[in-house]
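Residue numbers (the working numbering): 24 to 366. No residue lacks a Cβ here, since even glycine has one placed at the ideal position from N, Cα and C. Fair warning: this is a prediction, and the values are worked out from it, not measured in the lab. Data block below; observations after.
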C-alpha cells in the first residue's frame, strides 16, 4: 500500500514520533511524507530513503511561556483563509503520487484533502487523549475545540499515542530506548524557545552542577540524555515520554494555559518520576529538585490512570496497517475524484 504520512508541529515532538512510525511502516509499505519545512532536515536525516513534500503549519504566538490566543489567531489568519487552496493542492499531489491511504499526526490540511479524495484516514496523535480526560476550564475547552479542527469529520479512525491512557504507548527513537551503561552526574536541560532565557538565568545560581543545555550546535544530545542523572525541560509529550522510558527523574515546566502540557506534566508526576515546576519560581524549583532527584523512583501505584513507559513503534505500525487494510481500496475513488479536480 502507498501511504501518505502527514506531520504537524513547529518542534520535533511530532516529527520524532512520526519518524519511528514511518520506519516501521516502510518495511511493508511505501511511505511518502508531508511535513513542515522546520522539521524536513531532521526527517530526511532519520528517513533518508523516503520521499518528502512540504506542508504549511499553524503557529503559536507565545509570550513569557504563555500562548497568546488573540495574536495566534491573527498570525494564522491568512493561512486559515487559504485552507481551500491548500487542500486542493494536496489533493492533486495525492492523486499524482497514487496515494491509497493517509496517516495524520494532528495535521489538518492533508486530512481534509484525503477525506475529499475518499481515502481511508487514520489520525494518530497524542492530542486525541485529551478528549478522554474531562476538563471544562477555558484551556480545556479550547484544546477540545482545537481537536475538532485538527481531526476533521470524515476521519475513519482516531488512535491516541500516549504514555498515559493511550490506545498505543509512546514511540521512542531507537537510540533513546535504553539508558547508558554508565550514568553520569550531569543534568540534561532542554530549553525550548519560550523558557530558555529563564532557565539559563536560574541555572547560573548552581555553579557546582554540570548542566548540559540543549539545543546547541555542539555536544551529543542523545548520549547526554541517555547518561544523564536527571532531566529538566518543558512538558511536551515526546520529551517527557523519552525521559520516563529511560527512567530519568524529571523537573518539567508546563506552559500556563496550555491544556495538553498541564495534563502531560500532571500525569508524569503521577508516575513518581516527575515534579511539576513553576517557571516564576525556577530557582527554588531547581534547588528542591536537585536535592530530591536521586530519591525519585517509578511508582504509579497510587494513580487511577494506566501508564505505558516503553517504545511501541512496532505495535503502532501493526495496528494502523490492520485498520487501513479493513477500509475499501481507494483506487476507484481516486479515479472519480481526479475527474472532478481541474488541472
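Annotation: the continuous beta strand (DSSP E) that includes residue 126 extends over 124–128. Residue 215 and residue 298 have their C-alpha atoms some 18 Å from each other. Residue 294 has no beta-bridge partner at all, per DSSP.
Annotation: the stretch 248–290 contains the following complete segments of the alpha helix (DSSP H) (minimum length 4 residues), in chain order: 260–268. For residue 62, no beta strand (DSSP E) segment is defined; the enclosing uninterrupted segment is the alpha helix (DSSP H) at 60–69.
Sequence-distant Cβ neighbours of residue 237 in its own chain, meaning closer than 6 Å and more than five residues away, are 213 and 244. For residue 138, the enclosing alpha helix (DSSP H) covers residues 131–140. Within the same chain, 57, 127, 130 and 133 come within 6 Å of residue 29 by CB-CB distance, once the 5 residues on both sides are set aside. Rounded to whole angstroms, the separation of the alpha carbons of residue 317 and residue 304 is 21 Å. The secondary-structure analysis by DSSP pairs residue 210 across a beta bridge with 234 and 253.
According to DSSP, residue pairing for residue 86 in a beta bridge involves 89. The bridge partners DSSP lists for residue 148 are 183.
The C-alpha of residue 153 is placed about 16 Å away from the C-alpha of residue 175. Residue pairing by DSSP places residue 76 opposite 57 in a beta bridge. Comparing C-alpha distances from residue 155 to each of 307, 102, 198 and 286 shows the shortest one belongs to 286. Going by DSSP, residue 100 is part of the alpha helix (DSSP H) stretching over 100–104. Rounded to whole angstroms, residue 31 and residue 233 show a C-alpha spacing of 34 Å. With contacts defined as CB atoms closer than 8 Å, residue 193 and residue 335 qualify as a contacting pair. Note that the stretch 264–284 touches the stretch 199–213; at least 3 beta-carbon pairs, one per stretch, sit closer than 8 Å.
Ranking 179, 44, 296 and 143 by CA distance to the CA of residue 337 puts 44 first.
Bridge pairing for residue 28: 56 and 126 [DSSP]. For residue 218 and residue 118, the gap between their C-alpha atoms comes out near 42 Å.
Classified as exposed, residue 161 has fewer than 16 neighbouring CB atoms from the shown chains inside 10 Å of its CB. Collapsing the DSSP output to three states places residue 109 in a helix. Separation of the CB atoms of residue 143 and residue 302 is rounded to 43 Å, and the pair is thereby denied contact status at 8 Å. With 16 or more other Cβ atoms inside 10 Å of its own Cβ, residue 190 counts as buried. Inclusion of residue 295 and residue 277 in the CB contact set at 8 Å is not warranted, their separation being larger than that value. Distance between residue 38 and residue 84, taken at the CA atoms: about 20 Å. In its chain, beyond the 5 residues on either side, 275, 277, 284, 287 and 288 have a beta carbon closer than 6 Å to the beta carbon of residue 258. Unbroken beta strand (DSSP E) runs of no fewer than 3 residues, entirely contained in the stretch 296–335, are found at 297–299, following chain order. Under the criterion of beta carbons closer than 8 Å, residue 59 and residue 91 do not qualify as touching, at roughly 21 Å.
In this structure, the beta-carbon distance from residue 62 to residue 26 does not fall below 8 Å. Secondary structure note for residue 162: its alpha helix (DSSP H) is the uninterrupted segment 161–173. For the pair residue 178 and residue 136, the CB atoms are not nearer than the 8 Å cut-off. Across the structure, residue 264 and residue 281 are spaced so that their CA atoms are roughly 18 Å apart. For residue 138 and residue 71, the gap between their C-alpha atoms comes out near 28 Å.
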